[in-house]
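In this note's numbering, the protein residues as written are 213 to 456.
From the three backbone atoms N, C-alpha and C, an ideal C-beta is built for every residue, glycine too.
No experiment lies behind these values; they were computed from the predicted model shown.
This report concerns only the one structure given below.
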Ligand SMILES: C[S@@+](CC[C@H](N)C(=O)[O-])C[C@H]1O[C@@H](n2cnc3c(N)ncnc32)[C@H](O)[C@@H]1O
């Protein structure tokens with residue numbers, strides 16, 4: 213007897229450089245009938261899709277579906293979006309297609325996948341889910357600038373900068389390394405908080421934007437050398453500050 217087990221594969225695409233895709237990621241992408249990927253606006257290219265475009269060109273057979281996730285903090289809009297996109301994914305998987313969902317970096321760090329996974333598991337427990345990890349953007353960045361994010365007894369915090377920053381100072385007082393993701397527009401505000409938390413002007417400061425793309429910017433200096441010109445302001449930005 214032949215059993216059909218619907219399966220959905222989520223692939224972490226890493227930070228932008230196609231050479232940082234895992235072997236498993238490449239195999240799954242080449243083998244897929246349908247590639248689904250997140251984008252923030254109708255018609256806007258998906259960052260995750262751009263990472264794998266050379267592989268898609270080789271495979272030359274896939275249907276591509278962009279799923280729109282608007283950049284909003286409105287809970288109702290977000291929940292409706294997760295439900296709608298989870299349904300699109302599930303319907304395609306149940307119809308018998310090999311479906312791969314792409315996400316930048318790793319699927320389990322601040323990713324649209326987390327909500328889709330939750331929704332699909334609840335509504336379609338019959339779908340087998342496989343997740344292929346990807347290289348996390350902050351680790352790529354650490355390699356580029358040669359900063360150890362944590363060593364020995366050091367403590368590190370990861371902060372999404374576009375949300376409530378009221379606890380950042382308290383967290384910073386108890387940490388050696390602070391990693392900020394999600395939107396360079398907020399970085400000037402958090403730098404002020406780090407100084408108030410006792411990070412000295414000699415602290416190591418590194419900032420990166422659009423890693424792994426042609427627009428990549430990477431800067432390393434001390435906290436005391438930071439000016440408004442050295443801060444990046446794009447969404448795909450990372451900032452690391454480490455006590456010395
Ligand atoms: C929605 S989170 C996704 C994180 C991702 N899942 C990961 O594992 O790195 C998006 C944030 O990750 C960071 N990021 C991801 N890819 C990046 C890249 N290529 N260059 C710079 N920052 C990146 C930025 O801070 C961006 O705002």
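Start and end residues, beta strand (DSSP E) containing residue i
i: residue 326; result: Not the beta strand (DSSP E): residue 326 falls in the alpha helix (DSSP H), residues 324-335.
i: residue 287; result: No beta strand (DSSP E) holds residue 287; the alpha helix (DSSP H) holding it covers 287-306.
i: residue 278; result: 275-280
i: residue 311; result: 311-315
i: residue 221; result: 219-224
i: residue 236; result: Here residue 236 belongs to no beta strand (DSSP E); instead the alpha helix (DSSP H) covers 235-243.
i: residue 456; result: Careful: residue 456 lies outside any beta strand (DSSP E) and carries neither H nor E.
i: residue 384; result: That residue, residue 384, is in no beta strand (DSSP E); its alpha helix (DSSP H) goes 380-385.
i: residue 490; result: Given that the chain is displayed from residue 213 to residue 456, the structure contains no residue 490 and the question cannot be resolved.
Residue of the options minimising C-alpha distance to residue i
i: residue 432; options: 417, 425 and 347; result: 417
i: residue 346; options: 357, 238, 307 and 455; result: 238
i: residue 446; options: 221, 419, 258 and 234; result: 419
i: residue 391; options: 367, 408 and 279; result: 367
i: residue 228; options: 309, 262 and 267; result: 262
i: residue 308; options: 278, 279, 246 and 276; result: 246
Whether residue i touches residue j by CB criterion (9 Å)
i: residue 451; j: residue 373; result: yes
i: residue 331; j: residue 273; result: no
i: residue 220; j: residue 341; result: yes
i: residue 413; j: residue 434; result: yes
i: residue 389; j: residue 365; result: no
i: residue 265; j: residue 230; result: yes
i: residue 443; j: residue 395; result: no
Enclosing alpha helix (DSSP H) for residue i [first to last residue]
i: residue 352; result: 349-357
i: residue 390; result: Where residue 390 is concerned, there is no enclosing alpha helix (DSSP H), although the beta strand (DSSP E) it sits in stretches over 389-393.
i: residue 263; result: 259-263
Item to check | Residue ranges of each beta strand (DSSP E) within the region 397-449, 3 or longer | outcome: 416-421 and 429-434
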